[in-house]
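Structure record follows, encoded as structure tokens.
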Amino acid sequence: MATNTPITVAHGDGIGPEIMEATLHILKEAGARLDIETIEIGEKVYLRGNSAGIEPSAIESLRRTKIFLKAPITTPQGGGFKSLNVTTRKMLGLYANIRPCVAYHPYVDTLHPKMDVVIVRENEEDTYAGIEHRQSRDVYQCLKLMTRPGCERIVRYAFEYAVRNNRKKVTCFSKDNIMKLTDGLFHKVFDEIAPEYPQIENEHWIVDIGAAKLADTPEIFDVIVMPNLYGDILSDVAAQIAGSVGLAGSANIGVKYAMFEAIHGSAPRRAGQNLANPSGLLLGAVMMLVHIDQPDIAERVHNAWLRTVEDGIHTYDIYAEGVSTQKVGTKEFAQAVVDRLGQEPTKLKAARYSNAPQQDLSDRKSHYVPEVKQQIGVDIFINWTAGTAEDLGSALSQVAIDGLKLVMISNRGVKVWPNGFPDTLCCDAWRCRFMSSAAENGPVTHAQVIAQLQALLVANYDFIKYESLCTFDGRPDFSLGQGQ
Ligand code: NAD
Numbered sequence: 003m004a005t006n007t008p009i010t011v012a013h014g015d016g017i018g019p020e021i022m023e024a025t026l027h028i029l030k031e032a033g034a035r036l037d038i039e040t041i042e043i044g045e046k047v048y049l050r051g052n053s054a055g056i057e058p059s060a061i062e063s064l065r066r067t068k069i070f071l072k073a074p075i076t077t078p079q080g081g082g083f084k085s086l087n088v089t090t091r092k093m094l095g096l097y098a099n100i101r102p103c104v105a106y107h108p109y110v111d112t113l114h115p116k117m118d119v120v121i122v123r124e125n126e127e128d129t130y131a132g133i134e135h136r137q138s139r140d141v142y143q144c145l146k147l148m149t150r151p152g153c154e155r156i157v158r159y160a161f162e163y164a165v166r167n168n169r170k171k172v173t174c175f176s177k178d179n180i181m182k183l184t185d186g187l188f189h190k191v192f193d194e195i196a197p198e199y200p201q202i203e204n205e206h207w208i209v210d211i212g213a214a215k216l217a218d219t220p221e222i223f224d225v226i227v228m229p230n231l232y233g234d235i236l237s238d239v240a241a242q243i244a245g246s247v248g249l250a251g252s253a254n255i256g257v258k259y260a261m262f263e264a265i266h267g268s269a270p271r272r273a274g275q276n277l278a279n280p281s282g283l284l285l286g287a288v289m290m291l292v293h294i295d296q297p298d299i300a301e302r303v304h305n306a307w308l309r310t311v312e313d314g315i316h317t318y319d320i321y322a323e324g325v326s327t328q329k330v331g332t333k334e335f336a337q338a339v340v341d342r343l344g345q346e347p348t349k350l351k352a353a354r355y356s357n358a359p360q361q362d363l364s365d366r367k368s369h370y371v372p373e374v375k376q377q378i379g380v381d382i383f384i385n386w387t388a389g390t391a392e393d394l395g396s397a398l399s400q401v402a403i404d405g406l407k408l409v410m411i412s413n414r415g416v417k418v419w420p421n422g423f424p425d426t427l428c429c430d431a432w433r434c435r436f437m438s439s440a441a442e443n444g445p446v447t448h449a450q451v452i453a454q455l456q457a458l459l460v461a462n463y464d465f466i467k468y469e470s471l472c473t474f475d476g477r478p479d480f481s482l483g484q485g486q
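Every number in this note's numbering is 2 more than the matching position in the sequence shown, counting from 1.
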């Protein structure tokens, strides 16, 4: 007999406990092989003074089972409380967020009856690395951090997902026409990995027109992989236009751990009234069953659910006169699904999950070719309010040490010296670029950078930070000032 898989379950806040009870009832009746450890997270834990919303004993359970089925929680209003979702995602290294966004036409109202899109969102990097600073009175920055290993594993995950789930195409969204290095890396890695999957079609869209197309004709997309910020926004858009924010589930996958949930929140106003739709959490649980290698149970649950929706048995949120046959509460909906276990939909496409095990991707080779890195300059950021760009350019040119010269100053990314445009809005932080005075693209050493900082210190300049300017195999991998 197959052994049970230990999982950790949190019943959450608001409608959480009701939809979790409904979900677990269906899983049990479908024969899911689970050993459940229950933990408490969310509002009560926050209000006990734990700013993370999760106790160490609950984290222990997650470490043990590695699989987390989570109901939505309420984050209390006001400062000091950390988002539990962000904490778990980071703590457990859940780098991939998977959100299938499917239309259930004609049973659930939608403008896009043929929509069946899966958004694969990178979950850890980009502007969500959480590296923000205030540099001066005027300037605030958030670092957009993209790494080669991070891009490689999310792009691979998207292609592997496509293969396992019989998908035909993976589309990449990025904004590499503007962010040539960060989004450029994402696109480049996509182009490197796509040929490993010749059976899967691949394409790239700039995210703005891609998003417009997704909102207008989502049926032309299949699997879409994207960096964190675009994925955060567009996975909500996609779920909404499928007509089914209350129906969508989501998986957060890491190398060791995985978390499954509904995409909606705890809907506190609907709590305790047997009203909420448990479908989002149930479809999250279906993804969990596939992940823990119980595809037979996943298929049984998913098809019984599709049949229930098709039979017009609907909770209030999707109930429509003339389409629905019965308006039911959370418990009755769950019972209707249980009653249909073993049945399949007759009009909607039936779910099929195979026994294909999750691939261990750790042995996959990177396409990275070793390069020679060479520092050729430094951008020193200075907080300064004593005059114009011209004034700063002339003054700093005098402070450049032997062997370095000031070649450019930019403000808000726009070149303002030499030959700036007088109408450019300048604020109080300036990027001052020093490069070798001996030879174009000649080497610049750390010792020279330190000497340059020392010279600025002696001349009373308030520097904020510096960034090294490097070439890789002779190619400068840093942006020019706009207009440089
Ligand atoms: P929400 O998703 O809870 O509710 C938005 C709307 O959708 C409400 O009108 C609600 O009645 C309806 N709705 C949501 N889920 C439903 C369901 N299953 N069945 C029927 N109707 C449903 O979003 P919100 O009101 O902005 O947030 C409420 C709380 O949830 C906040 O504290 C927020 O922080 C939290 N939240 C938690 C998560 C999570 O734990 N993953 C995600 C989002 C929001």
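Cβ atoms here follow ideal geometry from the backbone N, Cα and C, with glycine treated the same way.
Just the Cα atoms here: how many angstroms apart are residue i and residue j?
i, j, result
"residue 378", "residue 406", "10 Å"
"residue 201", "residue 166", "12 Å"
"residue 159", "residue 220", "21 Å"
"residue 459", "residue 383", "13 Å"
"residue 155", "residue 363", "8 Å"
"residue 473", "residue 403", "22 Å"
"residue 153", "residue 426", "36 Å"
"residue 184", "residue 41", "39 Å"
"residue 268", "residue 259", "23 Å"
"residue 217", "residue 239", "7 Å"
"residue 465", "residue 442", "25 Å"
"residue 417", "residue 394", "13 Å"
"residue 294", "residue 365", "21 Å"
"residue 389", "residue 428", "10 Å"
"residue 110", "residue 334", "18 Å"
"residue 419", "residue 140", "20 Å"
"residue 286", "residue 81", "30 Å"
"residue 162", "residue 203", "13 Å"
"residue 270", "residue 79", "13 Å"
"residue 296", "residue 255", "17 Å"
"residue 188", "residue 182", "10 Å"
Taking buried to mean at least 16 other C-beta atoms within 10 Å of its own C-beta, is residue i buried or exposed?
i, result
"residue 59", "exposed"
"residue 120", "buried"
"residue 5", "exposed"
"residue 177", "buried"
"residue 168", "exposed"
"residue 13", "buried"
"residue 299", "buried"
"residue 126", "buried"
"residue 24", "buried"
"residue 16", "buried"
"residue 97", "buried"
"residue 352", "exposed"
"residue 180", "exposed"
"residue 325", "exposed"
"residue 76", "buried"
Quick one: is the Cβ of residue i within less than 8 Å of any heavy atom of ligand 1?
i, result
"residue 151", "no"
"residue 271", "yes"
"residue 173", "no"
"residue 72", "yes"
"residue 1", "Examination of residue 1 is not possible in this model, given that the chain is present from 3 through 486 alone."
"residue 27", "no"
"residue 319", "yes"
"residue 247", "yes"
"residue 264", "yes"
"residue 112", "no"
"residue 254", "no"
"residue 485", "no"
"residue 64", "no"
"residue 75", "yes"
"residue 108", "no"
"residue 86", "yes"
"residue 384", "no"
"residue 278", "yes"
"residue 21", "yes"
Exercise. Are three or more beta carbon pairs between the region 38-56 and the region 83-97 nearer than 8 Å?
Worked result: yes
For this session: Would you check if the region 140-153 and the region 243-250 touch, i.e. whether three or more CB-CB distances between them fall below 8 Å?
Result: Contact fails: fewer than three Cβ-Cβ distances are below 8 Å.
Exercise. Pairing CB atoms from the region 107-125 with CB atoms from the region 209-223, are three or more of them under 8 Å?
Worked result: yes
For this session: State whether the region 311-327 contacts the region 273-291, with contact taken as three or more CB pairs (one from each stretch) at a distance under 8 Å.
Result: Yes, since at least three Cβ pairs between the region 311-327 and the region 273-291 fall closer than 8 Å, the two stretches touch.
For this session: Could you tell me which uninterrupted beta strand (DSSP E) segments, each at least 3 residues in length, are contained entirely in the region 184-218, listed from first to last along the chain?
Result: 203-208
Problem set entry | Segment contact flag, the region 331-348 with the region 287-306, C-beta cutoff 8 Å, min 3 pairs | yes
Exercise. Of all the beta strand (DSSP E) runs that stay within the bounds of the region 408-434, which reach a length of 3 or more residues?
Worked result: 416-419
For this session: Answer yes if the region 50-69 comes into contact with the region 7-19, meaning at least three C-beta pairs across the two stretches below 8 Å, and no otherwise.
Result: yes
For this session: Jot down the residue ranges of each uninterrupted beta strand (DSSP E) in the region 61-96, minimum 3 residues, whole runs only, in chain order.
Result: 69-72
Exercise. Can you list, in chain order, the stretches of the beta strand (DSSP E) that have 3 or more residues and sit fully within the region 7-46?
Worked result: 7-12 and 36-41
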